[in-house]
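Okay, structure first, notes after.
Numbering (our numbering), first residue to last: 359 to 657.
The following block contains the structure:
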């Protein structure tokens with residue numbers, strides 16, 4: 359573990375937090391409850407210690423998150439005493455929106471993309487921190503730290519500002535906003551090593567445990583509640599699994615694993631050859647799926 363490397367990444371992220379807090383009128387931090395959000399929250403607390411984080415955290419709740427994620431979210435909010443805003447798309451709730459009834463693409467667009475845009479408009483946020491990293495997915499690899507969005511929250515990958523020598527241009531016109539990614543230069547391995555080094559609490563779903571799963575199209579989906587339909591040809595099995603990425607439970611694949619500690623997860627990361635987002639069903643909806651979603655306003 360290279361401590362100098364991690365401290366350099368930490369210093370860069372803290373600098374970005376402070377820069378945005380000083381430059382923008384109404385920033386917010388997106389809190390998805392995953393491992394990257396855990397690191398982001400830890401860095402934000404460090405950036406403004408001993409004071410409180412000077413902006414709220416926003417969780418866009420799709421109504422289909424893992425139960426353990428929601429319990430962890432509420433526990434951390436109470437423990438760390440930050441302002442937590444939770445938004446659910448009211449139109450989606452009224453429609454009974456879900457991945458089984460409406461399909462993964464429609465569910466994600468309505469409950470995540472449209473829900474996020476509603477919340478940003480409702481509170482008038484002009485900058486939103488997110489935990490995306492360039493190593494996650496190819497469309498994220500070409501996105502800047504300051505990712506500019508037009509008045510409809512759309513991203514234009516062909517119209518991005520240069521960030522030479524880590525100098526960020528935060529000028530925005532009325533109605534425009536930016537998404538900010540302090541973890542852009544971190545890798546999945548960096549995240550896990552930093553979590554271990556700093557003893558950052560994470561959702562237990564990241565650690566291997568016997569869980570009820572069904573195999574669907576080669577993906578292990580955890581049965582988290584009774585809303586999940588089980589096909590006649592499907593069998594619920596108890597397997598030792600963990601998650602590398604977290605989202606709506608019907609759209610998030612588990613991986614078979616025996617890693618029950620952080621050192622064991624780090625060892626797995628050193629040997630793995632697949633992206634953590636392999637388990638995200640929404641990333642496989644169509645070619646260039648993530649880039650299309652981001653151009654529509656997705657984080």
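Ideal Cβ positions, reconstructed from N, Cα and C, are used throughout, including at glycine. Since this is a predicted model, take the numbers as computed values, not measurements.
Residues that residue i bridges to, as DSSP identifies them
i           : result
residue 513 : 507
residue 535 : 507
residue 445 : 418
residue 579 : 572, 611
residue 316 : Look at the range of the chain in this structure, 359 to 657, and you will see that residue 316 is not part of it.
residue 387 : 415, 487
residue 595 : 571
residue 423 : 606
residue 600 : 613
Neighbourhood of residue i by C-beta distance below 6 Å, restricted to the same chain and skipping five residues each side
i           : result
residue 547 : 627
residue 618 : 565, 566
residue 493 : 545
residue 577 : 611
residue 474 : 418
residue 518 : 502
Beta-carbon proximity list for residue i, same chain, < 7 Å, skipping 5 on both sides
i           : result
residue 455 : 465, 468, 469
residue 542 : 491, 492, 503
residue 645 : Because residue 645 carries a pLDDT of 48, less than 50, the predicted location of this residue cannot be relied on, and the following value inherits that uncertainty. For residue 645, where only same-chain residues beyond five positions count, there are no Cβ hits under 7 Å.
residue 476 : 445, 447
residue 505 : 513, 536, 537, 539
residue 592 : 572
residue 426 : 561, 562, 563
Inter-residue Cα distance where the pair is residue i and residue j
i           : j           : result
residue 597 : residue 489 : 29 Å
residue 486 : residue 453 : 28 Å
residue 399 : residue 500 : 24 Å
residue 371 : residue 614 : 32 Å
residue 583 : residue 440 : 29 Å
residue 401 : residue 590 : 47 Å
residue 460 : residue 574 : 17 Å
residue 480 : residue 387 : 15 Å
residue 508 : residue 527 : 15 Å
residue 630 : residue 495 : 16 Å
residue 585 : residue 483 : 34 Å
residue 462 : residue 432 : 26 Å
residue 378 : residue 405 : 11 Å
residue 391 : residue 605 : 9 Å
residue 436 : residue 451 : 26 Å
residue 373 : residue 408 : 16 Å
residue 568 : residue 449 : 36 Å
residue 632 : residue 520 : 30 Å
Where residue i falls, given that 16 or more other Cβ within 10 Å makes a residue buried
i           : result
residue 458 : exposed
residue 594 : exposed
residue 363 : exposed
residue 471 : buried
residue 367 : buried
residue 608 : buried
residue 655 : Residue confidence is low: residue 655 scores 49 on pLDDT, short of 50, so the model does not pin down where it sits. Its coordinate-derived value is still stated next. Label assigned to residue 655: buried.
residue 389 : buried
residue 369 : exposed
residue 557 : exposed
residue 416 : buried
residue 525 : exposed
residue 434 : buried
residue 522 : exposed
Residues of its chain near residue i, where Cβ-Cβ distance is below 8 Å and the 5 sequence neighbours each way are ignored
i           : result
residue 553 : 393, 396, 397, 560, 620
residue 570 : 580, 581, 594, 595, 596
residue 550 : 393, 620, 623, 624, 627
residue 642 : Summary for residue 642: the model assigns pLDDT 48, below 50, so the residue's position carries little reliability, and this model does not support an answer.
residue 429 : none
residue 438 : 399, 403
residue 375 : 401, 402, 405, 406, 487, 540
residue 443 : 386, 414, 415, 416, 417, 477, 481
residue 588 : 572, 581, 594
residue 616 : 566, 598, 622
> How do the stretch 527-535 and the stretch 551-570 stand: do at least 3 beta-carbon pairs fall below 8 Å, yes or no?
Replying inline: no
>> Assess contact between the stretch 415-427 and the stretch 370-384, defined as three or more Cβ pairs (one per stretch) separated by less than 8 Å. Is contact present?
In response: Counting Cβ pairs under 8 Å, fewer than three are found: no touch.
> Quick check: the stretch 405-413 against the stretch 508-516, are there 3 or more CB pairs under 8 Å?
Replying inline: In short, these stretches do not touch, since the Cβ pair count stays below three.
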